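Sequence lines, in order, name chains A and B.
Reading the first sequence from the start, the letters are residues 280 to 391 in the numbering used here.
Reading the second sequence from the start, the letters are residues 595 to 710 in the numbering used here.
Here a beta-carbon is modelled for each residue, glycine too, at the ideal position from N, C-alpha and C.
As the structure is a prediction and not an experimental result, all values here were calculated from the model.
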Amino acid sequence: QKEVEQDPGPLSVPEGAIVSLNCTYSNSAFQYFMWYRQYSRKGPELLMYTYSSGNKEDGRFTAQVDKSSKYISLFIRDSQPSDSATYLCAMSAIENFNKFYFGSGTKLNVKP
Amino acid sequence: GAGVSQSPSNKVTEKGKDVELRCDPISGHTALYWYRQSLGQGLEFLIYFQGNSAPDKSGLPSDRFSAERTGGSVSTLTIQRTQQEDSAVYLCASTIPNGGALYEQYFGPGTRLTVT
């Protein structure tokens, strides 16, 4: 079993839709949770991060962590064609925070 | 300022040949990571450097893989006797660790390696 599971998609939505991206994980020691966005032929860039449980909002993006279910989500409101990319979740544990475990990424396509 | 750079951007090599991939981190970043990204597999951790030492090299898949970092800056990932399963995008990231608090890794554009 992989440490982090993520549906690869692709996910295709019309412009303006609300997008929900999710990851599940198996290691209860994970405390740091991150979302990266990766455009084609580019390196990933950090979008949002949260520590432990709860929600965090940044503009059109909201990250949620449910540690009891070992489930994290990224919501994108009013999606734009420029949001079309692959979204990767990543996580690490406090005792070894240098080691990040990534999901396989979900490819999102926002149609104009 | 300049971001993380990697060279070459693309590399095609014959099975059995050795390859060297280079990473230039952001100036002043003490920590450097190598990852491998295969199609549909996400990012696979290979090795982590703090300065010139590698406290965690647990992700290197075999003894054909090695990495070094000199002067606390440039790093080279070497793959000996390449195999077709080594074909992937190799990504480098750098950062400044912040005493246990979460910190952002800055990624380079990657080197796309194809072994024929």
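Residue-level contact by beta carbon fails for P289 (chain A) and chain B, as no gap is shorter than 7 Å. Listed in chain order, the beta strand (DSSP E) elements of length 3 or more contained wholly in the stretch 599 to 659 of chain B are 599 to 601, 604 to 607, 613 to 618, 625 to 632, 636 to 644 and 647 to 650.
DSSP places Q678 (chain B) within a helical segment (H, G or I) once states are collapsed to three.
L671 (chain B) has its alpha-carbon roughly 12 Å from the corresponding atom of P602 (chain B). For the stretch 648 to 659 of chain B, residues whose beta-carbon sits nearer than 7 Å to a beta-carbon of chain A comprise D650. For K651 (chain B) and V598 (chain B), the gap between their C-alpha atoms comes out near 21 Å. Under a criterion of Cβ atoms nearer than 8 Å, the residues of chain A adjacent to P703 (chain B) are, in order, R320, K321 and G322. Taking a contact to require three or more Cβ pairs closer than 8 Å, the stretch 307 to 327 of chain A and the stretch 613 to 627 of chain B do not qualify as touching. For F381 (chain A), DSSP records a beta bridge to A:A369. Under the criterion of beta carbons closer than 8 Å, Y304 (chain A) and E336 (chain A) do not qualify as touching, at roughly 22 Å. Judged by their CB atoms, S681 (chain B) and T708 (chain B) are nearer to each other than the 7 Å cut-off. Ranked by Cα distance from P289 (chain A), the first of A:S363, A:F312 and A:T385 is A:T385.
The straight-line gap separating the alpha-carbon atoms of L325 (chain A) and G338 (chain A) is approximately 15 Å. In this structure, I690 (chain B) keeps its C-beta atom at 7 Å or more from the C-beta atom of A661 (chain B). Exclusion of the five residues before and after S669 (chain B) leaves R616, C617, P619, L626, W628, F643, A661, E662, R663 and C686 as the residues of its chain whose Cβ lies within less than 8 Å of its Cβ. Residue pairing by DSSP places S688 (chain B) opposite B:L626 and B:Y700 in a beta bridge. Contact between F340 (chain A) and Y328 (chain A) does not hold, since their C-beta atoms are separated by about 11 Å, which reaches or exceeds 8 Å. The C-alpha of G610 (chain B) lies about 14 Å from the C-alpha of S656 (chain B). According to DSSP, residue pairing for L326 (chain A) in a beta bridge does not occur.
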